[in-house]
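Line by line, the protein sequences give chains A and B.
Its first residue numbered 1, the first sequence is counted upward by one per residue in this note's numbering.
Its first residue numbered 1, the second sequence is counted upward by one per residue in this note's numbering.
Even for Gly, the Cβ is constructed at its ideal location relative to N, Cα and C.
Note that the structure is predicted; figures quoted are calculated from it, not measured.
Inspection log for the structure reproduced underneath, given as structure tokens.
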Amino acid sequence: MTDALVETRNLGKRFGARTVLDGVSMTVSRGEIVGLLGHNGAGKSTLIGMLLGQVWPSAGEVRVCGCDVTRDRQGALAKVGAIFESPAFYDYLSGWRNLEILAGYSGPTTPARLREVIEWVGLSGREGSPVRTYSHGMRARLALAQALLPGPELLILDEPGDGLDPEGTHEMRRTIRRLRDQLRLTILLSSHQLGEVEMLCDRIAVLSRGRKVFEGSLDDTRRQESWVRLKTDDFAAAASELQDAGWIVGVRGTDRVLPADGMGTDGMVRWLVARGRPVYEIAVETASLEEFYLKLMGERKEPEAP
Amino acid sequence: MMMRQLRSELWKLFGKKRTYIGFGMLLLAQGIVTLVFRYTQASRGAVRALETNGYEASAYVSALTIAVVMLFPIAYILLPLYLALVGGDLVAKEAEDGTLRMILARPISRVRLLAVKWLAGVAFSLLLVGMLGVTGLGLASLFFPQGGLFVFVPGELFTVLEPGPGLGRYAAAHAVLCLKAITVLSLAFLFSCLNVKPAAATILALSVLFVNAILMQIPFFRDLQPWFLTYHLNLWQSMFAQPIPWWRLTESAFLLFGFNASFCLVGAMIFQARDIKS
């Protein structure tokens, strides 16, 4: 059994003179939910296209479920389901017929399996209606149903919450949790909704201008930079003393300090008090994923031309 | 598995209203031609040609003759038009609608997908030609008596046949017309594999046919006619010749098989190399 369900090595893609992916290596292990983040045009959809054998790599290697996608696409996708932003269906056909058609490209699917999946996604009773009569939320559920039909081990979700109203977004989030908890699926989730990613994912990979700029757990993002809120009688003087002594490496505003590597708040408090500085409040502020992401993207912005 | 996928393609194809435009328009054209021949003097030319050559016109101005009269303009203009429309849609419409991306998230090879799509297109072509033959003769039978077959194309054909052999030729012409229908569909299918809109695929296919047909009529190219695709597409017409030019028929049939194979092969190579994006 392969542990890494998705593995890319130095993956690159050029469209003419434009490089949209450059040397991207990443892994999604069995059982994980991994968030794929990046600005519009960062290369997320191209990367997903490559995982599904829809976009051919210009360089590097991409393996899904242990199979090289460019050489053995059928093997690679046998246990993969995918949902795209604004899923497209044959609107003039019923939901049931759409599922039958799409399932037919994966392999034999019994009516019992179709009914089971329709029930799981909550479309029972509407499967006979033409898809053109479906609401946006129902289309999203139908998209999920078609992805689940082949009994996937890996689910690739390309911005599945886009265009959904708050209730729809909430439902989609709940469904993703169910997919993990009940079906034990490995999920690669590409999304712009950082809150959603923070709530659902174990790890994230961030793309910027076609390059991977971060891959790690959400804990790693929090560890990257934890500012400390410090309230004392004279913040400027205290911060200056802390910096001179090597306790902190940065100061922000009138009450935030950035501890140096390995420096804890307990030692900092003792050190200040020993020097006669009262400490009224000290608290570690964990950076949200949004803060982490924006900072990461800010660092990657090219300097403006003079 | 292949049959299941073919069935899916047929569901898609025959579930769309636009698929039936061709059937509807062909029926309309046949109805108009029948009524024009029944209630105007349009058959006067045929009567004169028959009588001048010593035939009793009333025995040959029949349902069969009218069915063949209506077959010519339809086979030359309307049939290629609707086949190009459906062939152009087969891949490009799915790419435009986004359903191609849904399909290609599945473990089906691109070549196999094209194969089932082409087969569905072939089924449509056969059905369209079959319907053309049945409804043409059926409509004509409502307004004209049964009788012999008279086919007259100035400078090309002058054939007079008794009812039995005439009906046989009518059926054989439709059978051979299927080859033209499939070739036109394959041409549009080839363009449909490019990264273009469905309308562009249809227009490209029709452009190839029209340019071929126009060039073929220019006196300078008269001697080069066998080099044009449209020359071979019209081989169905030779089923009405007396005697049937079997050599030309066989040669054209083989060439059309070659054209079909080439269109499908080039289409598959283009489609295989393409990046499918949203």
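Pick from the options that is closest to residue i, judged by C-alpha positions
i, options, result
"A:G12", "A:M26, A:A4, A:D3, A:S240", "A:M26"
"A:W120", "A:L294, A:R141, A:M268", "A:R141"
"A:E241", "A:L272, A:A76, A:T133", "A:L272"
"A:G81", "A:G60, A:I187, A:G161, A:D162", "A:I187"
"A:K231", "A:V284, A:S190, A:D244", "A:V284"
"A:T8", "A:G53, A:V62, A:T46, A:N40", "A:V62"
"A:R73", "A:L52, A:A59, A:P57, A:T175", "A:L52"
"A:I118", "A:L99, A:D162, A:Y134, A:L154", "A:L99"
"B:Y20", "B:R110, B:Q41, B:F124, B:A105", "B:F124"
"B:G148", "B:L28, B:L206, B:F240, B:L126", "B:F240"
"B:A67", "B:L100, B:K117, B:F152", "B:F152"
"A:E235", "A:A147, A:G41, A:R252", "The question names Glu, but residue 235 of chain A is Phe in the sequence shown. It is A:R252 whose Cα lies nearest to the Cα of A:F235."
"A:S191", "A:G41, A:G262, A:D220", "A:G41"
"B:L265", "B:F191, B:F228, B:S252", "B:F191"
"B:L127", "B:A253, B:I182, B:Q272, B:P245", "B:I182"
"B:L132", "B:L28, B:F263, B:L249, B:F271", "B:L28"
"B:L157", "B:A171, B:A261, B:P245", "B:P245"
"B:M1", "B:S141, B:I270, B:V116", "B:V116"
"A:M138", "A:P150, A:G95, A:A147, A:L179", "A:G95"
"A:V20", "A:I48, A:R174, A:A4", "A:I48"
Proximal residues to residue i (C-beta, below 8 Å), its chain only, five neighbours per side dropped
i, result
"B:V47", "A57, V61"
"B:L119", "L6, E9"
"A:A17", "none"
"B:F263", "T183, S186, L187, F189, L190"
Under 7 Å from the C-beta of residue i: neighbouring residues of chain B
i, result
"A:Y90", "K12, G15, T99"
"A:R97", "W11"
Nonlocal neighbours in the same chain, by C-beta distance under 6 Å from residue i, ignoring five residues either side
i, result
"B:M70", "Q30, V33, G136"
"A:E215", "M26, A205"
"A:L183", "none"
With 16 other Cβ atoms within 10 Å as the buried cut-off, status of residue i
i, result
"B:V91", "buried"
"B:Q225", "exposed"
"A:A305", "A caution first: A:A305 carries a pLDDT of 46, below 50, which makes its placement in the model unreliable, though a value can still be read off. Exposed, by the Cβ-count rule."
"B:K12", "buried"
"A:D22", "buried"
"B:E162", "exposed"
"A:R177", "exposed"
"A:M172", "buried"
"B:G155", "exposed"
"A:A237", "exposed"
"A:R71", "exposed"
"A:T169", "buried"
"A:V249", "exposed"
"A:S135", "exposed"
"A:E196", "buried"
"A:E116", "exposed"
"A:E153", "buried"
Contacts around residue i, its chain only, beta-carbon distance under 7 Å, and the 5 residues preceding and following it disregarded
i, result
"A:V269", "V279, I282"
"B:A213", "T230"
"B:S43", "F37, V61"
"B:G121", "V86, G87, L90, L185, F189"
"A:G319", "The requested residue 319 of chain A does not occur in the structure, where chain A is confined to residues 1 to 306."
"A:R222", "T286, A287"
"B:L50", "A57, Y60, F150"
"A:F84", "D158"
"B:L202", "It should be noted that the sequence gives Thr, not Leu, for residue 202 of chain B. Closer than 7 Å at the Cβ level, and outside the excluded window around B:T202, lie A84, L85, G88, A188."
"B:F221", "L215"
"B:Q242", "T159"
"B:L78", "M25, L26, A29"
Beta-carbon neighbours of residue i, restricted to chain B and to distances below 8 Å
i, result
"A:R9", "In chain order: nothing, as chain B lies at least about 20 Å away."
"A:R73", "P107, S109"
"A:P87", "G98, M102"
"A:L77", "A105, R106, P107"
"A:L93", "W11, K12, G15"
Cross-chain neighbours of residue i in chain A, by beta carbon under 8 Å
i, result
"B:S8", "E100, I101, G104, Y105"
"B:L194", "Within chain A, no residue comes near B:L194; the closest Cβ sits about 16 Å away, beyond 8 Å."
"B:I276", "G49, Q54, V55"
Beta-carbon neighbours of residue i, restricted to chain A and to distances below 9 Å
i, result
"B:Q237", "None at all; the shortest Cβ gap to chain A is about 37 Å."
Interface residues of chain A facing residue i [CB-CB closer than 7 Å]
i, result
"B:Y5", "In the sequence on display, residue 5 of chain B carries Gln and not Tyr. Under the 7 Å cutoff, chain A gives G104, Y105."
Interface partners of residue i on chain B, CB under 9 Å
i, result
"A:A82", "R101, M102, A105, R106"
Original post:
Does the region 173-183 of chain B come close enough to the region 228-235 of chain B to have 3 or more Cβ pairs within less than 8 Å?
Top reply: yes
**OP:** Kindly confirm or deny that the region 105-113 of chain A and the region 29-42 of chain A touch, where touching means at least three C-beta pairs closer than 8 Å.
**Re:** no
**OP:** Examine the Cβ distances between the region 93-104 of chain B and the region 191-207 of chain B and report whether three or more of them are shorter than 8 Å.
**Re:** Yes: at least three Cβ pairs fall under 8 Å.
**OP:** Would you check if there are 3 or more beta carbon pairs closer than 8 Å linking the region 50-67 of chain A to the region 123-142 of chain A?
**Re:** no
Original post:
Do the region 87-98 of chain A and the region 13-23 of chain B make contact, defined as three or more Cβ pairs closer than 8 Å?
Top reply: Judged by Cβ distances under 8 Å, the region 87-98 of chain A makes contact with the region 13-23 of chain B, as three or more pairs qualify.
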